[in-house]
DNA sequence: GTGTAGAAGGAAAATCTTTCTGTTGCAAGT
DNA sequence: ACTTGCAACAGAAAGATTTTCCTTCTACAC
């Protein structure tokens, strides 16, 4: 796979800035990277069109909105067929409590992060998950005690 | 812990929208939630001041910027003292490849997600991590094969 | 050398958004 | 019924984004 996009030092500088704070005005970004607003805007638009920038979002404090409990769920499946994988992905997509789902190599097949208000809500989620997904061989839930670090900024 | 902020249905509707797309104009948001731009803006500003909204960021496609490899690192430590915990948190904060770090309850003490360009870069990271952090009892790395789901939008 | 094409930057104007002002309407409490 | 407080609205001002057009620089051909 050859990369279609090769950001130069200025592109990277812009990305580093707006990965941290997308509310910066073009004037501010431009000043930081040593350009005027126009070429800066052109670079950002190009990166949006090429799909390098996939979106702009606001981040919320989970505690403040009553969603302070994160649980990691490690799943080992007994069925590795394509239809099972596809059905599982569909189920995952439909459950908003699942904010992350990764298919892994090795002993664990899937790792989920689930966000809920409290343990009771997690229990309710857990029942729904295990009821809907067949062929689960082993499901291990680990509760997060502390969010030591969590960033959306990639180390570019 | 009593929640200082109680969002009403309109606040939640606004948050659901801008969690998905923060580039929406106030006019668009207002139309969606059935308000005019001004009260809408006041609600958003209030939520920013109260810390409910912690930031606005752009999200990047990891593949497109050459950071397509995510690795989950599960850590069991032999030292559970406060100074060790603090030193570990400091080290984690300083390593930009670590995009997430959670302290867990149960058998695994910490779970990290590490983002790197390739396996070689992961090896380099791994060496640096194990060299800098003392008293690691067990470190298990699992490579992500597929990002089935990954969202910053909380199920509010 | 000279000419040309393409890429990247910049200035200024047009357009659109955000932010602020003052005002109105509604609901709860007296 | 009257006040009080909150949340909404309309419209204006301030500010940001987006467009247009122009200049510069480099690479390549003649």
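Chains as they are written, first to last, in UniProt numbering: chain A, 1 to 156; chain B, 1 to 156.
Heads up, the beta-carbon is just placed ideally off N, CA and C, and yes, glycines get one too.
Limits of the unbroken beta strand (DSSP E) element including residue i
{"i": "residue 149 of chain A", "result": "136–150"}
{"i": "residue 104 of chain B", "result": "98–104"}
{"i": "residue 60 of chain B", "result": "53–60"}
Assigned exposure category for residue i - 16 Cβ within 10 Å defines buried
{"i": "residue 130 of chain A", "result": "exposed"}
{"i": "residue 27 of chain A", "result": "exposed"}
{"i": "residue 90 of chain B", "result": "exposed"}
{"i": "residue 6 of chain A", "result": "exposed"}
{"i": "residue 38 of chain B", "result": "exposed"}
{"i": "residue 18 of chain B", "result": "buried"}
{"i": "residue 96 of chain B", "result": "exposed"}
{"i": "residue 155 of chain B", "result": "buried"}
{"i": "residue 56 of chain B", "result": "buried"}
{"i": "residue 9 of chain B", "result": "exposed"}
{"i": "residue 107 of chain A", "result": "exposed"}
C-beta neighbour in chain B for residue i, strict 9 Å
{"i": "residue 30 of chain A", "result": "no"}
{"i": "residue 35 of chain A", "result": "no"}
{"i": "residue 69 of chain A", "result": "no"}
{"i": "residue 150 of chain A", "result": "yes"}
{"i": "residue 64 of chain A", "result": "yes"}
{"i": "residue 129 of chain A", "result": "no"}
Residues of its chain near residue i, where Cβ-Cβ distance is below 6 Å and the 5 sequence neighbours each way are ignored
{"i": "residue 40 of chain A", "result": "26, 29 and 30"}
{"i": "residue 144 of chain A", "result": "70"}
{"i": "residue 228 of chain B", "result": "Since the first and last residues shown for chain B are 1 and 156, residue 228 of chain B lies out of range."}
{"i": "residue 53 of chain A", "result": "47"}
{"i": "residue 141 of chain A", "result": "71 and 73"}
Contacts around residue i, its chain only, beta-carbon distance under 7 Å, and the 5 residues preceding and following it disregarded
{"i": "residue 36 of chain B", "result": "30"}
{"i": "residue 117 of chain A", "result": "66, 67 and 69"}
{"i": "residue 98 of chain B", "result": "92, 112 and 114"}
Residue-level contact to chain A via CB, residue i, 9 Å cutoff
{"i": "residue 124 of chain B", "result": "no"}
{"i": "residue 98 of chain B", "result": "yes"}
{"i": "residue 145 of chain B", "result": "yes"}
{"i": "residue 102 of chain B", "result": "yes"}
{"i": "residue 21 of chain B", "result": "yes"}
{"i": "residue 7 of chain B", "result": "yes"}
{"i": "residue 118 of chain B", "result": "no"}
Residue span of the alpha helix (DSSP H) that contains residue i, given as start and end
{"i": "residue 122 of chain B", "result": "119–132"}
{"i": "residue 75 of chain B", "result": "No alpha helix (DSSP H) holds residue 75 of chain B; the beta strand (DSSP E) holding it covers 69–77."}
{"i": "residue 18 of chain A", "result": "9–20"}
{"i": "residue 65 of chain B", "result": "Taken as a continuous stretch (DSSP letters only), residue 65 of chain B belongs to no alpha helix (DSSP H), as it is neither H nor E."}
> Okay, do the region 120–127 of chain A and the region 77–86 of chain A touch, 3+ Cβ pairs below 8 Å being the bar?
Replying inline: no
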